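With the first letter of the sequence shown counted as 1, position 184 gets the number 192 in the working numbering; the numbers rise by one all the way through. Don't be surprised by glycine CBs; every beta carbon is placed ideally from N, CA and C. This structure is a prediction, so every number in the text was calculated from the model and none was measured.
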Amino acid sequence: MRIVLKWIVRAIIALIIAVALVGFWKREEIMRLLAVNSLFNEDRIVSNFSNMDGAFLHREISNGSGPVSPLLVGAAMDMPTTYETWVTDRTVTSALVLKDGQIVHEAYYQGTKPDDRRISWSVAKSYLSALFGILVDEGAITSLDAPVTDYAPMLKGGAYDGATIRNVLQMTSGVTFDEDYLDYDSDINRMGRVLALGGKMDDFAAGLTETFVQPGETWQYTSIDTHIVGMVARGATGRDIPDLMGEKLIEPLGLEHSSLYLTDGVGVAFVLGGLNITTRDYARFGQMILQSGMWQGQQIVPADWIAASTHASAPTEPGRIGYGYQWWIPAGATEGQFMGRGIYGQYLYIDQQAGVVIVTTAADRQFREAGVNDANIDMFREIVIATE
9 MRIVLKWIVR
19 AIIALIIAVA
29 LVGFWKREEI
39 MRLLAVNSLF
49 NEDRIVSNFS
59 NMDGAFLHRE
69 ISNGSGPVSP
79 LLVGAAMDMP
89 TTYETWVTDR
99 TVTSALVLKD
109 GQIVHEAYYQ
119 GTKPDDRRIS
129 WSVAKSYLSA
139 LFGILVDEGA
149 ITSLDAPVTD
159 YAPMLKGGAY
169 DGATIRNVLQ
179 MTSGVTFDED
189 YLDYDSDINR
199 MGRVLALGGK
209 MDDFAAGLTE
219 TFVQPGETWQ
229 YTSIDTHIVG
239 MVARGATGRD
249 IPDLMGEKLI
259 EPLGLEHSSL
269 YLTDGVGVAF
279 VLGGLNITTR
289 DYARFGQMIL
299 QSGMWQGQQI
309 VPADWIAAST
319 HASAPTEPGR
329 IGYGYQWWIP
339 AGATEGQFMG
349 RGIYGQYLYI
359 DQQAGVVIVT
369 TAADRQFREA
379 GVNDANIDMF
389 REIVIATE
C-alpha cells in the first residue's frame with residue numbers, strides 16, 4: 009500500500025511540474041488569451057484600448073525623422089446642447105473637430121490623454137484603402153478586377169477562389185463569415201484567438217471554405233475581406249503592411265507620435281482593426297483625405313482613388329448606409345460625406361463640402377444596440393452645423 013501511495017504522490021508531483029512547465033512555456037500565449045477574454049470588460053475596456061501593445065504582439069511604425077506637420081488651433085466652437093449627454097451615453101474617450109484644417113474642439117474623457125495611442129478597430133480598414141490606392145497608382149496592382157489569387161495564391165481552392173480585388177474592397181466576396189462579437193464561437197472571435205495565441209492570419213483566411221453567394225452579388229460586411237486586401241498588397245509588393253504604411257502614409261503625414269499595428273505570430277499586421285494612433289494623428293489623416301489626398305503640398309493619395317473609394321459603389325440596400333472601398337457612406341449623405349467606423353464607437357467622419365473632420369474614440373459597450381450608429385451620425389451632423 010505504501011509503495012502504491014508513493015507512486016501516486018510521485019505521479020501527482022510530476023503532473024504539477026509538467027503543468028508548471030507548460031504554463032511557463034506558453035506564458036505569453038496564455039496571457040494574450042486572457043487579455044482577449046477580458047478586453048471588453050467594463051472595468052478594463054477604457055484602459056485596454058489605450059494599451060493594446062501591452063497585451064498583444066505588435067509592430068511599431070516610426071513617424072519618421074521629418075518635422076511634425078502643424079495642426080493650427082482656431083477659435084473654440086460651441087458644441088451642440090446635447091453633446092455632453094452624448095459623450096456620457098456613448099462612453100466617449102476623445103473627440104476632436106477640425107474646421108478648415110484648424111482644431112476648433114478637442115477633449116479627452118474617461119482618464120485618457122492626448123498621447124494615448126487608441127485602438128482604431130475598423131477605422132484601420134480605411135487606412136488600408138488609402139494605402140491600396142497608392143499601390144494601384146504606382147502600378148503594383150494593375151486591375152481591381154483581377155482575382156485575389158493572382159497575388160495571394162495560397163487562397164486557391166478556398167472560399168476566396170473566384171473573388172476579385174474589387175469584391176474584397178467592397179465586401180462582396182460572398183464568403184461565409186460570422187461577425188457576431190458577442191458569440192464566443194463566431195468566426196470573428198475565433199480569429200481573435202488566433203491572433204492572441206500567435207497563430208497565422210493567412211492560414212485562418214485560407215482555411216475558410218464556405219460561401220453563401222457568388223462573388224459580387226451581395227454586400228455583407230465581412231472583416232476578413234480586409235485581410236485579403238492586405239494579402240494582395242503584400243503579394244503585389246513583396247513587402248509587409250507596416251513597412252508600406254510607414255513609408256507611404258505615416259511618414260509623409262508628419263505625425264506627432266509613432267503608430268503601432270497589432271500582429272499575428274509571424275508578424276503579419278492585423279490590418280482589419282489593429283492600428284493604434286493618437287487622436288490628433290487620426291485627425292491629420294482625416295484632413296489629408298478631406299483634401300483629396302493632398303497634404304503639406306504633396307499628393308500622398310491619388311485624388312481619383314479617394315473619390316472612387318468614398319463613393320457608395322457596393323450593392324447595399326437602397327436607402328440604407330452605403331459602402332465603397334473600405335469606407336462607409338451614411339444614409340442620406342450628400343457629396344463628400346463619408347466615414348471610417350470601428351466597433352465600440354471609433355469614428356473618422358468627414359464632410360468635404362463643410363471642411364470638417366471629426367475624430368471620436370470611445371469604449372461604448374452598447375455600440376451594437378439599435379439606433380446607436382444613427383444617433384452618432386446625427387451628432388456628427390449637428391457638430392458640422394455648429395461649425396458654420
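Nearest-angstrom Cα separation, counted from residue j out to residue i
| i | j | result |
| --- | --- | --- |
| T219 | M209 | 19 Å |
| S55 | S128 | 14 Å |
| F185 | A83 | 47 Å |
| W33 | G200 | Bear in mind that a pLDDT of 49 at W33, under 50, signals an unreliable position, so the number given afterwards is only what the model happens to contain. Approximately 21 Å between the Cα atoms of the pair. |
| D188 | P75 | 42 Å |
| L106 | L216 | 42 Å |
| N381 | I285 | 22 Å |
| G368 | E390 | Residue identity check: residue 368 is Thr in the sequence provided, not Gly. Distance between the alpha carbons of T368 and E390: 14 Å. |
| T234 | L177 | 7 Å |
| E325 | G379 | 17 Å |
| A383 | V202 | 34 Å |
| H265 | R288 | 9 Å |
| V95 | L261 | 29 Å |
| G182 | V81 | 46 Å |
| G350 | I366 | 14 Å |
| V274 | G207 | 8 Å |
| H66 | I329 | 33 Å |
| E396 | I111 | 14 Å |
| I397 | I149 | Summary: the structure shown does not reach residue 397, with the chain confined to residues 9 through 396, and so no result is reported for it. |
| R174 | P161 | 17 Å |
| L298 | V364 | 8 Å |
| S58 | P310 | 32 Å |
| P250 | N71 | 12 Å |
| V12 | N45 | Model confidence at V12 stands at a pLDDT of 49, short of 50, so the residue's coordinates are unreliable; what they give is reported in the following sentence. Taking the straight line from one Cα to the other gives about 41 Å. |
| G246 | G238 | 11 Å |
| L104 | A115 | 7 Å |
| V30 | A63 | At V30 the pLDDT is 45, less than 50, meaning the model places this residue with poor confidence; the figure from the coordinates comes in the next sentence. Computed Cα separation, rounded: 20 Å. |
| I385 | Y355 | 10 Å |
| Q228 | W335 | 14 Å |
| D211 | E225 | 26 Å |
| S77 | G165 | 46 Å |
| A28 | A204 | Bear in mind that a pLDDT of 49 at A28, under 50, signals an unreliable position, so the model cannot answer this. |
| K121 | G344 | 31 Å |
| E259 | T342 | 32 Å |
| A26 | A213 | Unreliable placement is indicated for A26, whose pLDDT of 47 sits below 50; no coordinate value is reported for it. |
| Y117 | A339 | 29 Å |
| G147 | F140 | 11 Å |
| R198 | L163 | 19 Å |
| E50 | L263 | 31 Å |
| T318 | D359 | 11 Å |
Residues bridged to residue i [DSSP beta-bridge criterion]
| i | result |
| --- | --- |
| H113 | V105 |
| Y91 | Bridge partners of Y91: none, in fact. |
| M347 | W336 and Y357 |
| Q374 | Beta-bridge pairing links Q374 to no other residue. |
| P326 | Note: P326 sits in no beta bridge, so no partner. |
| E68 | L268 |
| R126 | I285 |
For residue j and residue i, believed in contact at Cβ under 8 Å, the rounded distance
| i | j | result |
| --- | --- | --- |
| T90 | G353 | Contact flag wrong, Cβ pair sits at about 16 Å. |
| A138 | L257 | 6 Å |
| A293 | Y135 | In the sequence on display, residue 293 carries Phe and not Ala. Going by Cβ atoms, the distance from F293 to Y135 rounds to 7 Å, so yes, they are a contact pair. |
| M179 | Y331 | 6 Å |
| D61 | W313 | That belief does not hold up - the Cβ atoms of D61 and W313 are roughly 30 Å apart, past 8 Å. |
| Y333 | M347 | With a Cβ gap of about 14 Å, Y333 and M347 do not count as contacting. |
| S267 | L252 | Their Cβ separation, rounded to whole angstroms, is 13 Å, which puts S267 and L252 out of contact at 8 Å. |
| A320 | I337 | 4 Å |
| I69 | G254 | 5 Å |
| V392 | A362 | 5 Å |
| G109 | Q295 | 6 Å |
| R125 | T101 | With 8 Å as the limit, R125 and T101 do not qualify as a contact, their Cβ atoms being about 12 Å apart. |
| S130 | S231 | 7 Å |
Proximity test, Cβ basis, 8 Å: residue i and chain D
| i | result |
| --- | --- |
| D124 | Among the chains of the structure shown, chain D does not appear; only one protein chain is present. |
Open item on the list: Within 8 Å, do at least three Cβ pairs link the segment 237-247 to the segment 187-206?
Closed with: no
- [ ] At 3 residues or longer, and completely inside the segment 257-296: list those beta strand (DSSP E) runs for me, N to C.
- [x] 267-270 and 283-285
Task: Whole alpha helix (DSSP H) elements within the segment 190-268, 4-residue minimum - done: 195-204, 209-214, 232-245 and 249-253
Open item on the list: I'd like to know if the segment 67-86 and the segment 374-382 are in contact, where contact means that at least 3 CB-CB pairs between them fall below 8 Å.
Closed with: no
Task: Stretch pair the segment 170-183 + the segment 150-159: three plus CB contacts closer than 8 Å - done: yes
- [ ] State whether the segment 267-283 contacts the segment 303-311, with contact taken as three or more CB pairs (one from each stretch) at a distance under 8 Å.
- [x] no
Task: Ranges of the alpha helix (DSSP H) found wholly within the segment 168-193, counting only runs of at least 4 - done: 173-178
Task: Residue ranges of each alpha helix (DSSP H) within the segment 294-318, 4 or longer - done: 311-317
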